[in-house]
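**Student:** Below you will find the structure I want to go over with you.
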Amino acid sequence: MIALRCSECDVVHDDVDALACGDCGELLAFELDAGTIDPDAVDANARRRRASLDPRDRSGVWRFRELLPPVDADAITTLREGDVPLLDAPRGAAFAGVDRLAYLHLGMNPTASFKDAGMTVAISHARERGARVAVCASTGNTAASMAAYAARAGMSAVVLAPVGGISPAKVAQTLDYGAHVIGVEGDFDDALRAVRALDPATVAVVNSVNPYRIEGQKTAALVLLEQREWRAPDWVMLPGGNLGNASALGKGFREARAIGLAERIPRLAVVQAAGAAPFARAWRENAELVSVRAETDASAIRIGAPASWKKARAEVRASAGTVLDVTDAEIAEARAVIGRDGVGCEPASAASLAGLRALVADGSVARDADVVCVLTGHVLKDTAYAARYHASDAPHANAIVRGIDLVEYLNLLLLTRA
Ligand code: F0G
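Given below as C-alpha cells:
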C-alpha cells in the first residue's frame with residue numbers, strides 16, 4: 035500500500051532505515067498506492083477520530099494514518115500535534131494586495147513549529163526500530179521538536195547547531211527537553227553533512243532527509259484542505275530552507291487529489307530569503323542548484339545547500355507553482371503585519387506573506403486569488419529578533435509614568451487610541 039522508493043531513479047527499497055538510494059545516492063520517498071484508498075473512509079475516519087480518546091486519534095497526524103507508513107501502535111509517540119488553525123488574515127491580505135487571505139499556522143504545534151508533524155512519525159518509527167539516540171542538524175526548530183519527541187520516547191537526543199545561527203529561545207527550549215546541543219563552527223549545511231555521514235542503522239537521523247519526516251509533514255496539506263471542505267486554494271505560499279516542507283506539502287496535496295479527496299491541487303510558491311536563495315536562483319535560471327554561503331536574519335532558513343531541492347522542484351513543477359526570494363527588510367515588514375493580525379510568527383515564516391506581496395505586485399497572483407500563507411513557527415521562537423524590531427518603538431513599550439496622575443494619563447492615552 036505504501037512503498038519506499040528512490041525519489042529520482044524509482045528503485046524500490048526494503049531497508050526501512052535507509053536515508054539515500056544505494057544505486058544513485060538521491061533521497062528516498064514513500065509512494066502511496068492511491069487506488070487502494072477510499073477517500074470517504076479517510077474523511078469519515080479523520081472526523082470520527084477527533085472525538086475519540088485514543089491518543090493516536092487525537093493527533094492531527096495519526097488520525098490520517100491510512101496515508102502513512104505503518105508504525106506499531108505501541109511505538110507511536112505523540113504530543114497531539116498536527117491540528118492547527120486556518121486563520122483569516124485581513125491585514126495580511128491588504129498588505130499583499132489580495133481580497134482575502136488565510137494563515138495556516140503550523141507554529142501552533144506542541145513545540146511551536148511545523149516540525150512536530152514530521153517528528154512524531156520519525157521518532158515513532160525510530161522507537162519501533164529500537165533506536166536509543168536521535169540526532170539532527172538544525173537551525174533550531176528541528177532541534178526543539180526532536181528533543182521533545184525523543185524525551186517522550188525515552189531516547190536521548192543530540193543536536194548539531196551552527197554557533198550563533200540559532201535563536202536563544204530555541205536553544206533554551208531544546209535544552210529544556212533534555213537534548214545535548216553541540217555548537218558547530220560552520221553553518222547548517224556543514225552540520226547536516228556531518229549528520230548524513232552517520233550510519234542510520236545505529237542512530238535515528240531525523241532531519242527531513244528521513245522520509246518518515248516528510249510523511250508526517252504532508253498531513254499539513256490535509257489539515258488545510260479539511261478545514262476548507264477539501265476545496266484547494268489557488269495558491270499556497272511557504273518559506274523554503276532545506277526544502278523538506280515544500281516537498282512534504284506538495285506530496286500531501288498531490289495525494290489528496292490522487293485519492294479523490296480534493297479535485298485539484300493549489301499552486302505552490304516557495305519563498306526564500308535573498309541571502310539564502312539557491313533554489314530561487316536555480317528556478318529562475320532553469321538550472322541545477324548551486325550551493326551558496328547563506329546569510330539572512332531569518333536564521334531558521336539560513337541554508338545554502340538544501341537537501342530536498344530536487345523533490346521540491348518536482349512538487350513546484352507538478353503544481354504549476356513558482357519559487358522566488360525576498361529581502362530581509364521585506365520579511366521584517368511582513369512579519370510585523372502578521373503580528374497586527376493578532377497572529378504573529380517567527381521571521382522565516384513571514385517570507386510567505388512577503389513573497390505573496392511580490393507575486394501580486396508583478397501580476398503573477400491575481401487580486402481575487404484564493405491564497406493561504408503557511409506560517410511555520412511561533413512568534414515566541416525568536417524573541418530577540420522581535421525585541422530588536424521594536425527597539426525603535428520603545429516609547430510605547432517602555433513608558434514610565436512618574437509625577438503625574440496615572441488615571442489621568444491612561445484616560446488621555448485611551449482617548450487617542452479609540
Ligand atoms: N520555517 C521555519 C520556521 C523553519 O524552522 C524552517 C526550517 C523552514 C521554514 C524551512 O523549512 O527546511 O523544510 O524548507 N528549519 C530547519 C531547522 C532547517 O533546523 O529547524 P524547510
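Going by our numbering, the first residue of the sequence shown is number 35, and it counts up by one from there.
Ideal placement from N, C-alpha and C gives every residue a C-beta, glycine not left out.
1. Distance check for residue 389 and residue 126, CA to CA, integer angstroms please.
2. Quick one: what does DSSP say residue 286 is sitting in, helix, strand or coil?
3. For residue 256, which residues of its own chain have a beta-carbon under 7 Å away from its beta-carbon, when the five flanking residues on both sides are left out?
4. Hey, out of 101, 64 and 250, whose CA is closest to residue 72's CA?
5. Would you decide whether residue 450 is buried or exposed? Buried here means 16 or more other CB atoms lie within 10 Å of its CB.
6. Taking the alpha-carbon of residue 63 as reference, which of 75, 74 and 50 has the nearest alpha-carbon?
7. Any heavy atom of the ligand F0G closer than 7 Å to the beta-carbon of residue 100?
8. What are the boundary residues of the beta strand (DSSP E) that includes residue 469?
9. Does residue 139 get closer than 8 Å to chain B when you measure Cβ to Cβ?
10. Between 229, 222, 172 and 190, which has its C-alpha nearest residue 204's C-alpha?
11. Pull up the distance between the alpha-carbon of residue 42 and that of residue 426, whole angstroms please.
12. Starting from residue 36, follow the beta strand (DSSP E) in both directions and report where the run begins and ends.
13. Is residue 412 helix, strand or coil by DSSP?
14. Do residue 249 and the ligand F0G come close, with the Cβ less than 7 Å from some heavy atom?
15. Out of curiosity, what's the CA-to-CA distance linking residue 301 and residue 269?
16. Suppose contacts are defined by Cβ-Cβ distances below 8 Å. Is residue 346 in contact with residue 304 by that definition?
17. Pick helix, strand or coil for residue 358, following the three-state DSSP scheme.
18. The ligand F0G and residue 344: does any heavy atom of the ligand fall closer than 7 Å to the residue's C-beta?
19. Between residue 199 and residue 333, which are expected to be in contact by the criterion C-beta below 8 Å, what is the C-beta distance as a whole number of angstroms?
20. Please report how far the alpha carbon of residue 439 lies from the alpha carbon of residue 446, in whole angstroms.
21. Under a three-way DSSP split, which group does residue 119 fall into?
22. What residues in its chain sit with their C-beta under 6 Å from that of residue 94, if we drop five residues either side in the sequence?
23. Smallest Cα separation from residue 57: which of 65, 44 and 91?
24. Since residue 213 and residue 181 are thought to touch, with beta carbons under 8 Å apart, how far apart are those beta carbons, to the nearest angstrom?
25. In the DSSP assignment, the beta strand (DSSP E) including residue 306 goes from what residue to what residue?
26. What are the complete alpha helix (DSSP H) segments, minimum 4 residues, inside the stretch 325–384?
27. Rounded to whole angstroms, how far is the Cβ of residue 368 from the Cβ of residue 391, which I believe are closer than 8 Å?
28. For residue 228 and residue 261, I'd like the C-alpha separation in whole angstroms.
29. How should residue 103 be labelled, buried or exposed, when 16 other C-beta atoms within 10 angstroms of its C-beta is the threshold for buried?
30. Using C-beta distances below 8 Å, list every residue in its chain close to residue 366, excluding the 5 sequence neighbours before and after it, in chain order.
31. Tell me whether the beta-carbon of residue 157 lies closer than 8 Å to the beta-carbon of residue 193.
32. Measure the Cβ-Cβ separation of residue 162 and residue 105 and say whether it is below 8 Å.
33. With DSSP as the reference, label residue 64 as helix, strand or coil.
34. When every heavy atom of the ligand F0G is checked, does at least one fall within less than 7 Å of the C-beta of residue 242?
35. What does the Cβ neighbour count give for residue 278, buried or exposed, with the cut at 16 atoms within 10 Å?
36. Is it buried or exposed for residue 443, if we count other Cβ within 10 angstroms and need 16 for buried?
**Tutor:** On the basis of the data shown:
1. Your numbering for residue 126 matches position 92 in the sequence shown. Your numbering for residue 389 matches position 355 in the sequence shown. Between residue 126 and residue 389, the C-alpha separation is close to 12 Å.
2. Counted from its first residue, the sequence shown places residue 286 at position 252. DSSP places residue 286 in the helix class (H, G or I) of the three-state scheme.
3. Sequence index remark: in the sequence shown, residue 256 carries index 222 (1-based). Once the five neighbours on either side are set aside, the close Cβ partners of residue 256 are 98, 286 and 290.
4. Along the sequence shown, read from residue 1 onward, the residue named residue 72 stands at position 38. Looking at the Cα atoms, 101 is the closest of the given residues.
5. Along the sequence shown, one-based indexing puts residue 450 at 416. When all chains shown are included, residue 450 counts as exposed.
6. As a working mapping, residue 63 is identified with position 29 in the sequence shown. Considering only 75, 74 and 50, the residue with the shortest C-alpha distance to residue 63 is 50.
7. For the purposes of this step, residue 100 is taken as residue 66 along the sequence shown, with counting starting at 1. Result no, Cβ not under 7 Å from the ligand F0G.
8. Lying outside 35 to 452, the shown extent of the chain, residue 469 is not represented and no answer is given.
9. Although the question refers to chain B, the structure presented lacks it and comprises just one protein chain.
10. Stepping through the sequence shown from its first residue, residue 204 is reached at position 170. Cα-wise, what sits closest to residue 204 is 172.
11. Your numbering for residue 42 matches position 8 in the sequence shown. Your numbering for residue 426 matches position 392 in the sequence shown. A direct Cα-Cα distance of roughly 50 Å separates residue 42 from residue 426.
12. Start at 1 with the first residue of the sequence shown, and residue 36 comes out as number 2. Its beta strand (DSSP E) spans residues 36–40.
13. For the purposes of this step, residue 412 is identified with residue 378 of the sequence shown, where counting begins at 1. Coil at residue 412, not helix or strand.
14. Position 215 of the sequence shown, counted from the first residue, corresponds to residue 249. Outside the cutoff, so no.
15. Position 267 of the sequence shown, counting from 1, holds the residue named residue 301. Position 235 of the sequence shown, counting from 1, holds the residue named residue 269. It is roughly 5 Å from the alpha-carbon of residue 301 to the alpha-carbon of residue 269.
16. Taking the sequence shown and counting its residues from 1, the one referred to as residue 346 is at position 312. Taking the sequence shown and counting its residues from 1, the one referred to as residue 304 is at position 270. Yes. Within cutoff.
17. For the purposes of this step, residue 358 is taken as the residue at position 324 of the sequence shown. It is a strand residue.
18. Against the sequence shown, residue 344 aligns to sequence position 310. No.
19. As a first step, residue 199 is located in the sequence shown; it is residue number 165 there, counting from the start. As a first step, residue 333 is located in the sequence shown; it is residue number 299 there, counting from the start. Contact between residue 199 and residue 333 holds, since their C-beta atoms are separated by about 6 Å, short of 8 Å.
20. Sequence index remark: in the sequence shown, residue 439 carries index 405 (1-based). Sequence index remark: in the sequence shown, residue 446 carries index 412 (1-based). Whole-angstrom Cα-Cα distance: 11 Å.
21. One-based indexing of the sequence shown puts residue 119 at position 85. Coil, per DSSP.
22. Taking the first residue of the sequence shown as 1, we reach residue 94 at position 60. So the qualifying residues of the chain are 116, 117 and 257.
23. The count along the sequence shown starts at 1 and reaches residue 57 at position 23. Ranking the options by Cα distance to residue 57, first place goes to 44.
24. As a first step, residue 213 must be located in the sequence shown, where it is residue number 179. As a first step, residue 181 must be located in the sequence shown, where it is residue number 147. At roughly 4 Å, the Cβ-Cβ gap stays under 8 Å, so residue 213 and residue 181 are in contact.
25. The residue labelled residue 306 in the question sits at position 272 within the sequence shown. Membership of residue 306 in the beta strand (DSSP E) is indicated by the continuous run 301–307.
26. For the stretch 325–384, whole alpha helix (DSSP H) runs of length 4 or above, ordered along the chain, are 343–352 and 362–374.
27. Taking the first residue of the sequence shown as 1, we reach residue 368 at position 334. Taking the first residue of the sequence shown as 1, we reach residue 391 at position 357. Rounded, the Cβ-Cβ distance is 7 Å, consistent with contact.
28. The residue given as residue 228 occupies position 194 in the sequence shown. The residue given as residue 261 occupies position 227 in the sequence shown. The C-alpha of residue 228 lies about 40 Å from the C-alpha of residue 261.
29. By one-based count along the sequence shown, residue 103 stands at place 69. It counts as buried.
30. As a position in the sequence shown, residue 366 is number 332, starting the count at 1. For residue 366, the CB contacts under 8 Å within the same chain, skipping 5 residues up- and downstream, are 331, 381, 384 and 423 in chain order.
31. For this step, residue 157 is matched to residue 123 along the sequence shown. For this step, residue 193 is matched to residue 159 along the sequence shown. The Cβ-Cβ distance between residue 157 and residue 193 does not fall below 8 Å.
32. On the sequence shown, residue 162 is found 128 positions in, with the first residue counted as 1. On the sequence shown, residue 105 is found 71 positions in, with the first residue counted as 1. Judged by their CB atoms, residue 162 and residue 105 are nearer to each other than the 8 Å cut-off.
33. In the sequence shown, residue 64 corresponds to position 30, counting from 1. Residue 64: strand per DSSP, three-state reduction.
34. The count along the sequence shown starts at 1 and reaches residue 242 at position 208. The beta carbon of residue 242 sits closer than 7 Å to at least one heavy atom of the ligand F0G.
35. Indexing the sequence shown from 1 puts residue 278 at position 244. Counting Cβ neighbours within 10 Å, residue 278 comes out buried, since at least 16 surround it.
36. In the sequence shown, residue 443 corresponds to position 409, counting from 1. So residue 443 counts as exposed.
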